[in-house]
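> Please find one structure pasted underneath; my questions will follow.
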Amino acid sequence: MELDCTAVLADVWLMLDGECDDATRARLQHHMDHCSPCIEAYGIEEKIKSLLSRKCGGDRAPDSLRDRLSLEIRRSVTVTRVETTE
Ligand SMILES: [Zn+2]
Numbered sequence: 001m002e003l004d005c006t007a008v009l010a011d012v013w014l015m016l017d018g019e020c021d022d023a024t025r026a027r028l029q030h031h032m033d034h035c036s037p038c039i040e041a042y043g044i045e046e047k048i049k050s051l052l053s054r055k056c057g058g059d060r061a062p063d064s065l066r067d068r069l070s071l072e073i074r075r076s077v078t079v080t081r082v083e084t085t086e
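Residue numbers are given in the UniProt record's numbering: position 55 of the sequence shown equals residue 55, and the series is strictly consecutive.
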């Protein structure tokens with residue numbers, strides 16, 4: 001399995017908008033296990049873990065978590081874009 005740091009964010013979006021998906025969950029877990037620097041750089045590791053445990057534990061992710069995570073990702077993507085274009 002290749003590590004695609006951009007695809008991880010897409011997977012996070014999938015989890016935010018959908019239900020627990022084993023394949024998506026496995027990809028995220030795999031990425032966090034093997035590429036923690038990028039998750040740490042985004043600063044969303046704890047939020048992703050919380051999202052996974054809630055979604056996959058049968059609970060709906062609370063709107064507050066969803067909103068915060070959406071915001072973090074949007075900001076992270078923007079920051080990354082700015083850094084790479086300079
Ligand atoms: Zn990565």
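We put the beta carbon where it would ideally sit given N, CA and C, even for glycine.
Treat the numbers as computed from the prediction; the structure is a model and nothing was measured.
Checking 8 angstroms against the spacing of the C-beta atoms, do TYR42 and SER76 come in under that value?
The sequence position of residue 42 within the sequence shown is 42, counting from 1. The sequence position of residue 76 within the sequence shown is 76, counting from 1. Yes, the Cβ-Cβ distance between TYR42 and SER76 is below 8 angstroms.
> Find out if the Cβ-Cβ distance for the pair ARG68, ALA61 is shorter than 8 angstroms.
Residue mapping note: residue 68 aligns to position 68 of the sequence shown, counting from 1. Residue mapping note: residue 61 aligns to position 61 of the sequence shown, counting from 1. Taking 8 angstroms as the Cβ cut-off, ARG68 and ALA61 do not qualify as a contacting pair.
> For CYS5, which of helix, strand or coil comes out of DSSP?
Taking the sequence shown and counting its residues from 1, the one referred to as residue 5 is at position 5. The answer is helix: DSSP assigns CYS5 an H, G or I state.
> Hey, would you say the C-beta of VAL77 is under 7 angstroms away from at least one heavy atom of ligand 1?
On the sequence shown, position 77 is the one that residue 77 refers to. No, Cβ of VAL77 sits at least 7 angstroms from all heavy atoms of ligand 1.
> If contacts are defined as beta-carbon pairs under 8 angstroms, then THR24 and MET15 qualify, I think. What distance do you get, rounded to the angstrom?
Here residue 24 refers to the residue found at position 24 of the sequence shown. Here residue 15 refers to the residue found at position 15 of the sequence shown. THR24 to MET15, Cβ: 6 angstroms. Contact.
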